[in-house]
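For reference, the structure is listed below as structure tokens.
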Amino acid sequence: MSDLLLDINLQQLPDEYFAGYWEVASRVLNSNDPASPLARAVRLLLGPGHLETQDLGPEAPSTGQWAVQRDALLSRPYLRFDLPEESTRALVTRLRRSADGLRSQLHLYFASGMEMQLDRV
Amino acid sequence: MSSSDSAISSSGSSFAEQEEFNFLADLIPQLVWITDAQGSHTYFNQRWTDFTGYSLRDSVGPDMWNNLLHPDDQARAREVWGQSLATGTDYEIEYRFKSRAGDYRWFLGQARPRRDAAGKVTAWFGTCTDIQDQKLARQALERRESEFSTLADNLPQLAWMAQPDGHIFWYNKRWYDYTGTSLAEMQGWGWSKVHHPDHVDRVVAFVTTAWAAGEPFELTFPLRGQDGEYHWFLTRAVPTRDAHGQVVRWLGTNTDVSEMRQLQDQLANSYADLEAKIIFRNLDLEHQVVQLRQQLGR
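If you read the sequences in order, they're chains A and B.
Quick note on the numbering used here: the first sequence kicks off at 1 and runs consecutively.
Quick note on the numbering used here: the second sequence kicks off at 1001 and runs consecutively.
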């Protein structure tokens, strides 16, 4: 398997590239509430219309919805996250994939300023 | 001692002929010598005696001349001379002879055998031509060439030289190390083989015009390394001209600017990201601005 990850053109990005299990590889909170589910998540499941965040605590996963959205003013898509505790959106700043599609790296920039790197599990 | 001591004892030659031979042999600027078929000297002209300080009488023995050579040249000279004596082939060698003052000078030694009617070698006629100045000039040139090669091969850039029409005839070692090619493959317009297929037409069109214009030029393009990967290079070429202003050759360098281009790309991406982030964080406001502009007819 190649270690090389290739940048995907964000203007021609299929929605299905976002689906699946993602691990939080790094995060910068900035002004984001550190207690929010997304700020504490170590794993995200982006299923068909279904969102699940897992953290290291004993609580049950937080579940909700997510969607890929696009805006004429933006040259790239953003993701909308709706959880019982918070609703937010995150701009896709970078998506990198291996040639075989087995490995991916997703960079998100949240409306709160939080930045997150997710790696495909 | 005069050369009359060493006059040829040819049974058929008259005294006048011998005088003429001696006059001619002493006139020419070379050291002149004759040996018998076995290589023992039978004659040296006056210049030999003047230069070495030895007359024919002092030079008995087949190896005497060899002792006058620079120690580093003695074995080689003995071998080459021995080969000619054994085979009857012409003799030619460069070596250093010791002068009577004790210093050495470079000579070109040449000899040709004289044969009888049956083809048997009867004597060898030889000359030693002083090539000290040419030799030193050649050595100086070789030193300069070596220094140039050292400099050119250790430049951080790929470098090349071309004829006025752009026919490249020289590359430095770094070019070959990077591309994994040879001069045979690369000379002339062979360089196009290591260009990226998406860029080669643009490059060929540009340089074809540039060669004809005869002015310095710069161009950036990717070149394939021997690992198959392409790196971006900035090419700079300057023409050198003769006293009449005619281009005599082109000197060129290719500087690897891949890292710089990557940094430029990263910087451009960072700016694009920053702009997108600002719009994203103010998306609702941005939409309101757009609506307002539309309402205002702008």
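In this text, a Cβ means the ideal position worked out from N, Cα and C, and glycines have one as well.
| query | result |
| --- | --- |
| Where A/A72 sits in the DSSP three-state scheme | coil |
| B/G1039 beta carbon less than 8 Å from that of B/R1100 | no |
| Three-way DSSP call (helix, strand, coil) for B/E1092 in this model | strand |
| Given B/D1227 as reference, the closest of B/A1205, B/S1192 and B/Y1176 once Cα atoms are compared | B/Y1176 |
| Near-chain A residues of the segment 1117 to 1140 of chain B - C-beta to any C-beta below 7 Å | none |
| Residues of the segment 57 to 75 of chain A with Cβ closer than 7 Å to any Cβ of chain B, in chain order | D71, L73, L74 and S75 |
| Contact with chain B by A/S2, beta-carbon distance below 8 Å | In this predicted model, A/S2 has a pLDDT of only 49, less than 50, meaning its place in the structure is not dependable enough to derive any value. |
| Assumed close pair B/A1159, B/T1253 - CB separation to whole angstroms, cut-off 8 Å | 5 Å |
| Under the three-state DSSP convention, the category B/P1113 falls into | strand |
| Residue nearest to B/K1277 in terms of C-alpha spacing, selected from A/L118, A/Q105 and A/M114 | A/M114 |
| Chain-ordered neighbours of A/A111 on chain B, where CB pairs are closer than 9 Å | F1280, R1281 and L1283 |
| Of the residues A/E23, A/L95 and A/L44, the one placed nearest A/L13, counting alpha carbons only | A/L95 |
| Stretch-stretch touch, CB-based, cutoff 8 Å, three pairs: the segment 36 to 53 of chain A with the segment 12 to 27 of chain A | yes |
| Helix, strand or coil at B/M1001 according to DSSP, with G and I counted as helix | At B/M1001, the pLDDT of 37 sits below 50, so the modelled position is not reliable; the number obtained from the coordinates is stated separately. It is coil, neither helix nor strand. |
| Exposure of B/A1212, with buried meaning 16 or more beta-carbon neighbours within 10 Å | exposed |
| Nearest candidate by alpha-carbon position, reference B/E1229, set B/H1195, B/Q1288 and B/A1205 | B/H1195 |
| Spatially closest choice to B/C1128 from B/G1214, B/E1094, B/W1191 and B/L1263, by CA coordinates | B/E1094 |
| Alpha carbon of A/D82 to alpha carbon of A/L5, nearest angstrom | 30 Å |
| Residues that DSSP places opposite A/L108 in a beta bridge | A/V92 and A/M116 |
| Whether A/L38 touches B/F1280 by CB criterion (8 Å) | no |
| Inter-residue Cα distance where the pair is B/G1166 and B/W1250 | 7 Å |
| Cut-off 8 Å between Cβ atoms - residues of its own chain near A/V42, not counting five sequence neighbours on either side | E23, V24, Q54, D55 and L56 |
| CB contact below 8 Å: B/D1273 versus chain A | yes |
| B/L1031 and B/N1045 closer than 8 Å at C-beta | yes |
| Touching by the beta-carbon criterion (3+ pairs, under 8 Å), the segment 1129 to 1142 of chain B and the segment 1111 to 1119 of chain B | no |
| Any beta strand (DSSP E) of 3 or more consecutive residues that is wholly inside the segment 1170 to 1213 of chain B | none |
| Exposure label - B/F1148; buried when at least 16 CB within 10 Å | exposed |
| As assigned by DSSP and simplified to three states, the class of B/H1287 | helix |
| Chain A contact residues for B/A1268, given Cβ-Cβ distances below 7 Å | Result: empty, since nearest Cβ-Cβ is about 13 Å, beyond 7 Å. |
| Reduced DSSP category for B/P1216 - H, G, I as helix; E, B as strand; rest coil | coil |
| For B/D1130, the residue or residues it bridges with in DSSP | B/F1107 |
| 7 Å Cβ cut-off: residues of chain B touching A/L91 | A1276, K1277 and F1280 |
| Beta-bridge pairing of A/H50 - partner residues as DSSP gives them | A/G47 |
| Residue closest to A/S87, alpha-carbon to alpha-carbon, out of A/P58, A/L51 and A/L29 | A/L51 |
| Straight-line Cα distance separating B/H1070 from B/T1299 | Examination of residue 1299 of chain B is not possible in this model, given that chain B is present from 1001 through 1298 alone. |
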